[in-house]
Structures are given as C-alpha cells and as structure tokens.
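J.: Mind having a look at this structure? Questions to follow.
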Amino acid sequence: MLKDPNARVRQQAAEAIVGTSSCPDDLLQPLLELLNDEDPKVVQAAIVALGRVGKGKSEVEESLLRFTSDSNPLLKESAVIALARLGRVDDQTISILLKTLESSDDSLRTSGVAAIGMADESQAVRLIPELIRNLETGQERAFGSSRAALLLMKDRCRQSLDRIVAVYEKVPHERKPDILKILIQLDSTGEHSLPVLTAALKDSNLEMRKIALYGMIRTTKDGDVLKPYLETALNDADREIQIAALRYLHAHADKMPDLFPKVLALTKHDKPQVRMAAVNALVPFKAQSSESFKVLNDIVQHDSDPQVRANTCAALARMDLDWAPKILPLLEHVSQTEEDAKPKDSAKAALKSLRRRLALDRDTMIPGEELGR
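Residue numbering for the sequence shown follows this note's numbering, starting at 10 and increasing by one per position.
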C-alpha cells in the first residue's frame with residue numbers, strides 16, 4: 010500500500026504506521042522512499058510516521074534533516090517535530106519547533122507540544138525559557154501550547170518555578186488563573202507558589218479564589234500552615250469556596266479543632282448547601298461531639314429545608330457510637346413524626362446503618378468489655 014498508485018492510499022498507509030510502536034525493516038525503506046513522493050500530504054504522513062518508528066536509525070534522521078529547510082512550512086515543521094521525537098533538538102531546529110506552537114493546524118500544534126514534552130534535561134534547558142516567555146507575551150495559541158508543554162515537562166521545570174512566579178506577577182489579570190493552575194501542577198510542595206496562592210485567596214475574582222484554595226489544599230501538608238487559609242475560605246462570600254473548605258475539614262478535622270466554631274456557625278448559613286456541608290464537617294470533631302449533637306438534634310427537627318434534615322439524619326448515624334443511646338431514639342422519633350418523605354426515609358436508613366455499626370462493634374468486643382461501656 011505504501012507503493013499504491015493512488016496518493017490517498019499511500020498517505021493512509023503511512024498514517025497507519027503512526028499508530029504502531031515499531032516498523033518492520035521491510036517497511037522502513039518504502040517509507041523513506043515516500044519522502045520523495047510528488048504529493049506533499051503523502052510526504053508529511055511519511056515524515057510523521059518516521060518520527061514515531063525511526064528512533065535509533067541514523068538513515069531516518071539524515072533523511073528528515075533535509076526537510077528542516079524545506080520551502081513548504083508544513084513539511085519543515087513536521088520534520089522538526091519528527092526529529093525532536095527521535096531525540097534530536099539543536100540550535101538549527103529549536104526555533105522551528107517552538108514555532109509549531111503557534112500553528113493554526115491543530116494536529117501540528119499538538120504534535121509540537123508532545124515532541125517538546127519528550128525533551129531531555131539538556132534540551133529542556135533551552136526550551137523552557139522560551140515556553141515561559143510565551144506565557145507572558147505569546148498569542149493565544151502559543152500561550153495554550155506552551156502551558157501544555159510545560160505540564161508535560163513537570164519534572165524538568167523545578168528550577169524554573171521562580172520565573173513562572175515572576176511572569177504571573179506581570180501578566181494581565183485574565184491570564185493569571187491559567188498560570189496559577191500551572192504553578193499548582195508544577196510546584197508539588199508549594200514552596201514557590203505559596204505567596205501567590207495567599208494573595209489569590211483574597212482576590213476579587215471568584216475563579217482565582219477557587220483555584221487558590223484548591224492549590225493550598227493540594228500542596229500544603231502542614232495543617233498549621235493551611236489553617237488560616239481555610240479560615241479565610243470559611244468566611245468567603247461565595248458558597249462554593251465555603252463548601253470546598255468544609256469538605257476538606259470533613260476529612261481533616263482532627264488537625265484543626267480551632268476551626269470548630271466557624272463550622273458550627275455555618276450550620277445556620279442561609280444557603281442549604283452550605284448548611285449540609287457544615288453538618289457533615291461537624292461529625293469528625295470528636296472532642297466537641299457534645300456540642301455537635303445538640304446542634305444536629307436541633308437541625309434534624311427544625312431546619313426549614315427537608316434535604317438538610319435528611320442529610321443530618323445520615324450525619325447522626327456517623328457519630329461516635331458512644332452517642333448511640335441518644336441518637337437512636339432521636340432517629341426513631343424523626344422516622345415516625347417527619348412529614349416529608351426525604352428526611353423520613355433518611356431517618357429509617359440511618360437507623361439501620363447505626364444498628365449495623367452497633368452489631369459489628371459488639372461482635373468485635375473483647376469478652377467482658379461490654380460491661381464497662
């Protein structure tokens with residue numbers, strides 16, 4: 010098929026090789042011969058295929074090199090990408106490779122990003138400064154492609170994080186969210202991005218605050234460091250940010266007991282979604298379970314929203330089993346007196362769940378332990 014008289018068939022045959030991990034020797038020569046095809050589309054398909062299957066074959070590199078000065082920009086850029094995939098990036102090809110990031114051809118642009126993402130340490134040293142420059146001054150295509158390439162080069166970007174922070178400070182506000190996301194992805198420890206995230210958490214732009222909170226949670230492992238930022242998020246005017254902070258506390262309440270009053274206050278929020286998240290976050294605060302029970306007791310019977318009451322039934326069933334003697338009759342009462350189907354059904358399900366937990370707990374007790382409970 011590589012020698013078929015129909016150019017379209019030859020092109021498709023070369024494109025089919027792109028999806029393979031290796032090329033049999035008997036196909037390599039016909040593929041190289043397609044570089045002399047009269048149809049530019051066939052030639053481009055052959056170039057792309059050779060970039061995928063020609064690694065370690067010197068004749069492939071030599072054959073592709075002649076296209077790096079071709080008058081057809083598509084062939085030239087495809088050849089540079091192919092050579093980069095084969096591990097060859099030098100002063101002759103680097104500027105052309107970077108130019109592919111601005112291409113109007115989606116396929117060429119994507120291939121350029123992938124090829125740059127494969128650059129080794131020595132090649133990355135030359136490529137990364139240019140990619141960072143595109144974050145600051147590049148047009149939309151170059152900006153998006155450079156962002157994608159940097160994320161692919163994550164392990165090779167550690168020495169350049171301060172440069173990206175500097176760019177973040179300079180760019181127009183509309184570009185800041187994307188660069189903030191890049192920093193979060195690249196800076197796994199938060200060492201470089203923490204000052205930026207701190208400022209962004211107080212930004213007037215809602216998207217920035219959301220990204221900043223996500224970044225804080227993702228990169229900051231020290232609860233003492235994270236606590237003031239979570240407190241800021243709990244006080245935020247946006248309910249999504251408050252809910253995100255409450256969900257984090259649901260899993261890490263033991264590290265931040267000081268935030269219990271903030272969570273408690275949010276159980277009276279005017280938005281039911283926030284109240285539900287606050288109810289869920291109360292349960293893990295073991296040391297404050299007495300106060301939590303009083304609040305949940307009130308909510309499950311008197312909250313104006315049936316979904317909040319239903320959610321509170323489920324939360325009660327997750328409390329420490331020491332509270333079962335008080336929770337069981339409460340849920341029984343709700344299951345019998347609640348008029349709305351959602352909380353009524355939730356109370357019944359919570360009763361089953363709590364009784365199951367109690368049964369399992371008794372089954373695992375040391376003989377005689379129950380007497381001391």
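C-beta atoms are modelled at their ideal positions from N, C-alpha and C, and glycine is treated no differently.
If you run the structure through DSSP and keep just helix, strand and coil, what is Ser112?
T.: Here residue 112 corresponds to residue number 103 of the sequence shown, with the count starting at 1. The answer is coil: DSSP assigns Ser112 none of H, G, I, E or B.
J.: In the DSSP assignment, find the unbroken alpha helix (DSSP H) run with Val57 in it and report its ends.
T.: As a first step, residue 57 is located in the sequence shown; it is residue number 48 there, counting from the start. Its alpha helix (DSSP H) spans residues Pro49 to Val62.
J.: Can you tell me whether Lys277 is buried or exposed? The criterion is at least 16 other CB atoms within 10 Å of its CB, across all chains shown.
T.: Counting from 1 along the sequence shown, the entry for residue 277 is found at position 268. By the neighbour-count rule (16 or more Cβ atoms within 10 Å), Lys277 is not buried but exposed.
J.: Buried or exposed for Val134, going by 16 or more other Cβ atoms inside 10 Å?
T.: Residue numbering aside, residue 134 sits at position 125 when the sequence shown is read from its first letter. Its Cβ having fewer than 16 others within 10 Å, Val134 is exposed.
J.: Helix, strand or coil: how does DSSP classify Pro7 here?
T.: Look at the range of the chain in this structure, 10 to 382, and you will see that residue 7 is not part of it.
J.: Going by Cα to Cα distance, which pick from Leu360, Glu86, Glu68 and Ser67 is closest to Gln53?
T.: For the purposes of this step, residue 53 is taken as the residue at position 44 of the sequence shown. Nearest of Leu360, Glu86, Glu68 and Ser67 to Gln53, Cα basis: Glu86.
J.: So Thr77 and Ile105 are in contact, right, with Cβ under 8 Å, and what is the actual spacing, rounded?
T.: Here residue 77 is taken as the residue at index 68 of the sequence shown, counted from 1. Here residue 105 is taken as the residue at index 96 of the sequence shown, counted from 1. Right, their Cβ atoms sit about 7 Å apart.
J.: Where Thr228 and Arg61 are concerned, what is the direct C-alpha to C-alpha distance, given to the nearest angstrom?
T.: By one-based count along the sequence shown, residue 228 stands at place 219. By one-based count along the sequence shown, residue 61 stands at place 52. Thr228 and Arg61: Cα-Cα distance of roughly 36 Å.
J.: Which term fits Asn320, buried or exposed, when burial requires 16 or more other beta carbons within 10 angstroms of its beta carbon?
T.: Taking the first residue of the sequence shown as 1, we reach residue 320 at position 311. The residue is buried, with at least 16 neighbouring Cβ atoms inside 10 Å.
J.: So which of Leu144, Lys163, Arg165 and Leu160 has the shortest CA-CA distance to Arg184?
T.: Locating residue 184 in the sequence shown gives position 175, where the first residue counts as 1. The candidate whose alpha carbon is nearest that of Arg184 is Leu144.
J.: Closest by CA to Glu200, which one among Asp171, Val180, Pro186 and Arg218?
T.: Along the sequence shown, one-based indexing puts residue 200 at 191. Measuring from the Cα of Glu200, the nearest candidate turns out to be Asp171.
J.: Can you tell which of Asp329, Lys64, Asp307 and Gly153 has the C-alpha that lies nearest to the C-alpha of Ser112?
T.: What you label residue 112 is simply residue 103 of the sequence shown in a count that begins at 1. Ranking the options by Cα distance to Ser112, first place goes to Gly153.
J.: What's the gap between the Cα of Leu161 and the Cα of Met265?
T.: For the purposes of this step, residue 161 is identified with residue 152 of the sequence shown, where counting begins at 1. For the purposes of this step, residue 265 is identified with residue 256 of the sequence shown, where counting begins at 1. Cα to Cα, the separation comes out at about 35 Å.
J.: Note down the Cα distance separating Leu291 from Lys271, rounded to an integer number of angstroms.
T.: As a working mapping, residue 291 is identified with position 282 in the sequence shown. As a working mapping, residue 271 is identified with position 262 in the sequence shown. So the alpha carbons of these two residues sit roughly 10 Å apart.
J.: From Tyr177 to Lys353, what distance separates their C-alpha atoms?
T.: Taking the sequence shown and counting its residues from 1, the one referred to as residue 177 is at position 168. Taking the sequence shown and counting its residues from 1, the one referred to as residue 353 is at position 344. C-alpha separation (whole angstroms): 52 Å.
J.: Could you have a look at Thr241 and say whether DSSP puts it in helix, strand or coil?
T.: Translated into positions along the sequence shown, residue 241 becomes position 232. Reduced to three states, the DSSP call for Thr241 is helix.
J.: Would you tell me roughly how many angstroms separate the C-alpha atoms of Val98 and His259, rounded to the nearest one?
T.: Here the question's residue 98 lines up with position 89 in the sequence shown. Here the question's residue 259 lines up with position 250 in the sequence shown. If I take the Cα positions, the gap works out to 49 Å.
J.: Cβ of Phe294 within 8 Å of Cβ of Phe269?
T.: One-based indexing of the sequence shown puts residue 294 at position 285. One-based indexing of the sequence shown puts residue 269 at position 260. Going by C-beta atoms, Phe294 is nearer than 8 Å to Phe269.
J.: Taking only the alpha-carbon atoms, compute the straight-line gap between Glu300 and Ile226 and give it to the nearest angstrom.
T.: Residue 300 sits at position 291 when you count from the first residue of the sequence shown. Residue 226 sits at position 217 when you count from the first residue of the sequence shown. So the alpha carbons of these two residues sit roughly 27 Å apart.
J.: For the region 243-263 against the region 210-227, do three or more pairs of beta-carbon atoms, one drawn from each stretch, fall closer than 8 Å, so that the two count as touching?
T.: The region 243-263 is in contact with the region 210-227.
J.: Report, in whole angstroms, the separation of the C-beta atoms of Ser344 and Ala356, which I expect to be a contact under 8 Å.
T.: For the purposes of this step, residue 344 is identified with residue 335 of the sequence shown, where counting begins at 1. For the purposes of this step, residue 356 is identified with residue 347 of the sequence shown, where counting begins at 1. Their Cβ separation, rounded to whole angstroms, is 4 Å, which keeps Ser344 and Ala356 in contact under 8 Å.
J.: Around the Cβ of Ala324, are there at least 16 other Cβ atoms within 10 angstroms (buried) or fewer (exposed)?
T.: The residue you call residue 324 lines up with position 315 of the sequence shown. Under this definition Ala324 is a buried residue.
J.: I need the straight-line Cα distance from Asn341 to Lys211, nearest angstrom please.
T.: Walking along the sequence shown from the start, residue 341 turns up at place 332. Walking along the sequence shown from the start, residue 211 turns up at place 202. Before going further, note that residue 341 is Glu rather than Asn in the sequence given. Each residue's Cα considered, the two are about 45 Å apart.
J.: Distance check for Pro138 and Ser169, CA to CA, integer angstroms please.
T.: If you number the sequence shown from 1, residue 169 lands on position 160. If you number the sequence shown from 1, residue 138 lands on position 129. Answer to the nearest angstrom: the Cα atoms are 8 Å apart.
J.: Just to confirm the assignment, what range does the alpha helix (DSSP H) spanning Arg142 have?
T.: If you number the sequence shown from 1, residue 142 lands on position 133. That run of the alpha helix (DSSP H) goes Glu130 to Thr146.
J.: Do you know offhand how far Ala274's Cα is from Ala93's?
T.: Position 265 of the sequence shown, counted from the start, is the residue given in the question as residue 274. Position 84 of the sequence shown, counted from the start, is the residue given in the question as residue 93. Distance between the alpha carbons of Ala274 and Ala93: 58 Å.
J.: With distances taken from CA atoms, which of Arg365, Val309 and Asp331 is nearest Lys351?
T.: Taking the sequence shown and counting its residues from 1, one reaches residue 351 at position 342. Taking only the C-alpha atoms, the option nearest Lys351 is Val309.
J.: Once DSSP output is grouped into helix, strand and coil, what is the label at Lys230?
T.: Here residue 230 refers to the residue found at position 221 when the sequence shown is read from its first residue. Residue state, collapsed to three classes: coil.
J.: How many Å lie between Arg365 and Ala158 at the Cα?
T.: By one-based count along the sequence shown, residue 365 stands at place 356. By one-based count along the sequence shown, residue 158 stands at place 149. When rounded, the distance between both Cα atoms is 52 Å.
J.: Do you know how far the Cα of Arg218 is from the Cα of Thr241?
T.: What you label residue 241 is simply residue 232 of the sequence shown in a count that begins at 1. What you label residue 218 is simply residue 209 of the sequence shown in a count that begins at 1. Taking the straight line joining both Cα atoms gives about 10 Å.
J.: Mind checking which residues open and close the alpha helix (DSSP H) that includes Lys329?
T.: Stepping through the sequence shown from its first residue, residue 329 is reached at position 320. According to the sequence as given, residue 329 is Asp; it is not Lys. Where Asp329 is concerned, there is no enclosing alpha helix (DSSP H), given that its DSSP letter is neither H nor E.
J.: How many Å lie between Ala124 and Ala209 at the Cα?
T.: The residue you call residue 124 lines up with position 115 of the sequence shown. The residue you call residue 209 lines up with position 200 of the sequence shown. Going by the C-alpha atoms only, they are around 33 Å apart.
J.: What are the boundary residues of the alpha helix (DSSP H) that includes Phe269?
T.: By one-based count along the sequence shown, residue 269 stands at place 260. Note, Phe269: alpha helix (DSSP H), Phe269 to Leu275.
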